[in-house]
Amino acid sequence: MGPLIPNGIIPIEWDSIIAIIIGIVFGFVLEASGFSSSRKLAGVFYGYDFAVLKVFFTAAAVSVIGIYYMDYLGYLDISQLYVHPTYLWGALIGGIIMGLGFVAAGFCPGTSLCAVAIGKLDAWVYIGGILIGVFIFSEFFTFFEPLYDGYYFGNKTLVESFGWNPYWVIFIFSIIAIIAFVVSDIVRKRVKKVFY
Amino acid sequence: MKNNKKTKFHVYWNPYYGGFLLGILIIFTFYITGRGLGATGALKSSVVTLVDTVAPTHAEGNVYYSKFIKKGENPMNSWLVFEALGVLIGAFISGSLNNRIKWRVQHSPKITIKRRIVFVLGGGILFGLGSQIARGCTSGAALSGMAVLSTGGFLTMLSIFGSAYAFAYFFRKNWI
Chain A
1 MGPLIPNGII PIEWDSIIAI IIGIVFGFVL EASGFSSSRK LAGVFYGYDF
51 AVLKVFFTAA AVSVIGIYYM DYLGYLDISQ LYVHPTYLWG ALIGGIIMGL
101 GFVAAGFCPG TSLCAVAIGK LDAWVYIGGI LIGVFIFSEF FTFFEPLYDG
151 YYFGNKTLVE SFGWNPYWVI FIFSIIAIIA FVVSDIVRKR VKKVFY
Chain B
197 MKNNKKTKFH VYWNPYYGGF LLGILIIFTF YITGRGLGAT GALKSSVVTL
247 VDTVAPTHAE GNVYYSKFIK KGENPMNSWL VFEALGVLIG AFISGSLNNR
297 IKWRVQHSPK ITIKRRIVFV LGGGILFGLG SQIARGCTSG AALSGMAVLS
347 TGGFLTMLSI FGSAYAFAYF FRKNWI
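Protein chains in written order, with the numbering used here: chain A, 1 to 196; chain B, 197 to 372.
Below you can see the structure in the form of structure tokens.
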């Protein structure tokens, strides 16, 4: 029963090798989907290319459906999986700052790594920027600490936070994703084409 | 790129196909390791290692760096660093297969290279800062968080995209 490494089914020594293999597939899929192009990524905010929305929400829907299915079938114990913690204001304010950075630069860290790999010099500068940003945060950590450590609500899922039924959440999320795809195609037809 | 303009063939994968494969990869990652994907983790490790090498006493005195420095362990020896190396290799393979490897600065023809570099640097600094405050970026917090229905993951995702749409108007000259 999964997860395999934490349960000792695959020895921990394989951890780093598996990390590289997973990374290679991750990088390949992102690059092949066009995520090494900042102008393609930024299209989602101006309505001329919705690849980000489509890839991101398809991936989220497929993965959440798959994980819950595997739990249902007994292959994976969902309670053993790492759940990203909820620090309310950290998530919101951090997200706002990241959103600003996203639309200014047209990259997020994962996609910039792909762009670096195919020789985009602006992505190299972006990585340099991230390093500076992390450095600033670390140096002024005492200033950010109340936000970083405060308003902690635990490593909770929507199921635990709101008492919702996970299957309904996933069903409604999938419906929202499909509606978003349809709407994005309508919007894209009305927006002036940008060639890049 | 040249072929694209003339024939309008798909130079990139169909986004639903890419998204489907990415979803499968996330399931696989959780099934094997019990955790999700990430991207900023490797960059954070790099900063910690850099500061620890240049100014070790300073790094140990700082509350944040010292969280990630353990005696006898290299911060670069982490799952996320190996994964990020894999991302570089994977993207390079995909780029090679499609003849996309080239040194260049990509920017809208309406703006100069200098302007592009200034904005990309500023965006990087902001994203680096924000990712530390939110404890993860679009991959680690939003995508991997959403895969297990994490409340924090959904909040971060809504916040990133909400904010990007809200500020998009001010940056429109860079893109359209």
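Each residue gets a CB set at the ideal place from its N, CA and C atoms; glycine is no exception.
Since the model is a prediction, treat every value here as computed from it, not as a measurement.
For residue i, count neighbouring Cβ atoms within 10 angstroms of its own Cβ and tell me buried if that reaches 16, exposed if not.
i: I178(A); result: exposed
i: L293(B); result: exposed
i: Y72(A); result: exposed
i: V183(A); result: exposed
i: D185(A); result: exposed
i: K369(B); result: exposed
i: Y68(A); result: buried
i: I12(A); result: exposed
i: W371(B); result: buried
i: I24(A); result: buried
i: G214(B); result: buried
i: T203(B); result: Here T203(B) scores only 46 on pLDDT, less than 50, and its place in the model is too uncertain to base an answer on.
i: F212(A); result: Nothing in the structure corresponds to residue 212(A), since chain A is present only between 1 and 196.
i: N7(A); result: exposed
i: E256(B); result: exposed
Which residue marks the beginning of the alpha helix (DSSP H) containing residue i, and which one marks its end?
i: E160(A); result: 158-162
i: L147(A); result: 141-149
i: V243(B); result: 236-250
i: Q328(B); result: 309-329
i: F288(B); result: 275-293
i: K369(B); result: 368-371
i: E31(A); result: 15-32
i: A338(B); result: Run containing A338(B): none; DSSP gives neither H nor E here.
i: L217(B); result: 211-229
i: V169(A); result: 166-190
i: L41(A); result: 38-46
i: K263(B); result: 259-264
Please compile the residues from chain B whose C-beta is within a distance smaller than 9 Å of the C-beta of residue i.
i: M1(A); result: Simply none; closest approach about 10 Å.
i: G110(A); result: L233, G234, A235, T236, A280, V283, C333, T334, S335, G336, L339
i: K54(A); result: N210, P211, Y212, G214, G215
Please confirm if residue i has its CB atom under 8 Å from at least one CB of chain A.
i: A251(B); result: no
i: G268(B); result: no
i: R311(B); result: no
i: E256(B); result: no
i: P211(B); result: yes
i: L327(B); result: Sequence inspection shows Ser at residue 327(B); the Leu mentioned does not correspond to that position. S327(B) counts as touching chain A.
i: I307(B); result: no
i: T245(B); result: no
i: S262(B); result: no
i: M272(B); result: no
i: I385(B); result: Shown here, chain B extends from 197 to 372; a query on residue 385(B) therefore has no answer.
i: K201(B); result: Residue placement at K201(B) cannot be trusted, given a pLDDT of 49 that sits under 50; the coordinates are not used to answer.
i: I222(B); result: yes
Any Cβ of chain B within less than 8 Å of the Cβ of residue i?
i: E31(A); result: yes
i: K156(A); result: yes
i: L73(A); result: no
i: V183(A); result: no
i: G8(A); result: no
i: G163(A); result: no
i: V125(A); result: yes
i: G99(A); result: yes
i: V103(A); result: yes
i: R188(A); result: no
i: P11(A); result: no
i: I118(A); result: yes
i: A180(A); result: no
i: I172(A); result: no
i: F143(A); result: no
i: D149(A); result: no
i: P85(A); result: yes
Based on the DSSP output, what are the partners of residue i in its beta bridges?
i: G2(A); result: L76(A)
i: Y87(A); result: Y152(A)
i: R300(B); result: K120(A)
i: S346(B); result: T157(A)
In chain B, what lies closer than 8 Å to residue i by C-beta?
i: S36(A); result: A287, G291, R296
i: P166(A); result: L345
i: I176(A); result: Chain B residues near I176(A): none, gap ~12 Å exceeds 8 Å.
I want to verify the contact list: residues of chain A whose CB lies under 8 Å from the CB of residue i, in sequence order.
i: K240(B); result: V134
Hey, is residue i close to the ligand SAH, as in C-beta under 7 Å from one of its heavy atoms?
i: I170(A); result: Among the components modelled here there is no ligand, and therefore nothing to report on the ligand SAH.
Anything in chain A within Cβ reach of residue i, meaning under 7 Å, just list it in chain order.
i: T225(B); result: I22
With a threshold of 8 Å between beta-carbons, can residue i be considered close to chain C, or not?
i: S79(A); result: Among the chains of the structure shown, chain C does not appear; the protein chains present are A and B.
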